[in-house]
Structures are given as C-alpha cells and as structure tokens.
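Encoded as structure tokens, the structure appears first; notes follow it.
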Amino acid sequence: MRSLNVISQIYEEDYPEWLEITLKQLQNRELENVDWEHLIEEISALGNEQRRKVESYLLRLLIHLLLYNYWVSEKEWSGKGWETEIDNFRLELDLLFESKVLYNYCVQVLDKIYQKARSNAIRKSQLSPDIFPENCPYSLAEILSPEWLP
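Under our numbering, the first residue of the sequence shown carries the number 309, and numbering increases by one thereafter.
Structural data, given as structure tokens:
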C-alpha cells in the first residue's frame, strides 16, 4: 500500500498511473490513502469540461440556426452546409443530454449563449443587428429537434 504522499507525487509525474491507482482504491473501498485533493480537482474539472461542451455545441448550433434563418442572400450557397452543421451539433448535444444535469444546465445558459451566437452571426454575416432578434426566437425543443429548421 502506497502512502498518500507517494500517490500525490505520482499524480504530478504519471497521471495515467494515478488514475489507475485511485480507481482501484475506490473500487476496493480503500479510502484512507486516496488522494482526495487531486480527486476532487479532477471531478470538478470533468464537470466543467462537460458544461463547456454544452455551451460550445449550443453556441455553434444557434449561430448556424441564425445564419440559416436570417442570412437569406447566402442561404442558396451555404444552406446545405449549415443544415449539416446543425445536424452535427444537435447530435453532439443529444449525446451529452443523456445526463439530465447537462440538459438542465443548457436550459439555464440558453439566453446567455444566444447573445453570444447573435453577436457572432452579426459579425459573420455583416448584416444589420436589427435583423437578428434581441432574444432567442426559438424554443429549446425547436433548437434540439432533428426535424425542425427555421
């Protein structure tokens, strides 16, 4: 059995080995030498990474929905590509939303992410900001529905 100091040092030097050791400790309920500080840090980082993925996919999905909906002069040439990207981002979100927690997080950040998507769509299209609604014009059900396009 390795001491906590040794295990903590392994975290700094050989992360995959640290993961293996920590997993075995948890599986065997050997909790006295678990490197709790680094384990808590890793679990927190994992949660943050998943939330960033939700934000990133939602942002890209909303940008493409806005471009598809409002950049009429470009739709003939780019519409099919936008549809493909919309499908891809919906698929990625669908996979993440196997976790109800991540779905609920999406509900919480939708308005904030829409504002970023709107700004991006305005920059990309160089259309007047007046063209794009100030608030998200789509429901979350529409945004995530594979059958729906604006």
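All C-beta atoms, glycine included, are put in the ideal place defined by N, C-alpha and C.
Residue i and residue j look like a contact to me (Cβ under 8 Å); what is the Cβ gap, rounded to whole Å?
i, j, result
"TRP390", "LEU375", "6 Å"
"ASP369", "ILE318", "Going by the sequence as given, residue 369 is Leu instead of Asp. About 40 Å separates the two Cβ atoms, so there is no contact after all."
"LEU418", "LEU448", "6 Å"
Would you mind stating whether residue i and residue j have Cβ atoms separated by less than 7 Å?
i, j, result
"LEU366", "ILE430", "no"
"HIS372", "ILE351", "no"
"VAL380", "TYR413", "no"
"GLN358", "LEU410", "yes"
Take the Cβ of residue i as the centre, count every other Cβ of all protein chains shown within 10 Å, and call the residue buried at 16 or more, exposed below.
i, result
"ARG360", "exposed"
"LEU401", "buried"
"TRP344", "exposed"
"ILE348", "exposed"
"TYR323", "exposed"
DSSP state of residue i, grouped into three classes?
i, result
"PHE440", "coil"
"LYS415", "Going by the sequence as given, residue 415 is Val instead of Lys. In this structure, VAL415 counts as helix in the three-state DSSP scheme."
"TRP379", "coil"
"PRO458", "coil"
"ARG431", "helix"
"GLU340", "coil"
"ARG310", "coil"
"GLU406", "coil"
"TYR365", "helix"
"PRO324", "helix"
Of the residues the options, which one's Cα is nearest the Cα of residue i?
i, options, result
"ASN313", "ARG337, LEU435, HIS346, GLN335", "HIS346"
"VAL342", "GLU349, THR330, ILE348", "THR330"
"LYS424", "ILE315, SER364, SER447", "SER364"
"PRO458", "GLY387, VAL409, LEU418", "GLY387"
"SER453", "ASP438, PHE397, VAL417", "PHE397"
"ASP438", "SER427, SER316, LEU399, ASP419", "SER427"
"GLN434", "TYR446, TYR378, TRP456, PHE405", "TYR378"
"CYS444", "SER436, GLU455, VAL415", "VAL415"
"GLY270", "GLN335, LEU404, GLU455", "The question about residue 270 has no answer here: the residues shown for the chain are numbered 309 through 458."
"GLU338", "LYS383, ARG310, THR392", "ARG310"
"GLU455", "PHE440, THR392, TYR323", "THR392"
"GLU382", "TYR446, GLU442, LEU327, LYS432", "LYS432"
Should residue i be listed as close to the ligand FMN, given that the test is whether its C-beta is under 6 Å from any heavy atom?
i, result
"ARG359", "For the ligand FMN, the structure offers nothing, since it holds no ligand at all."
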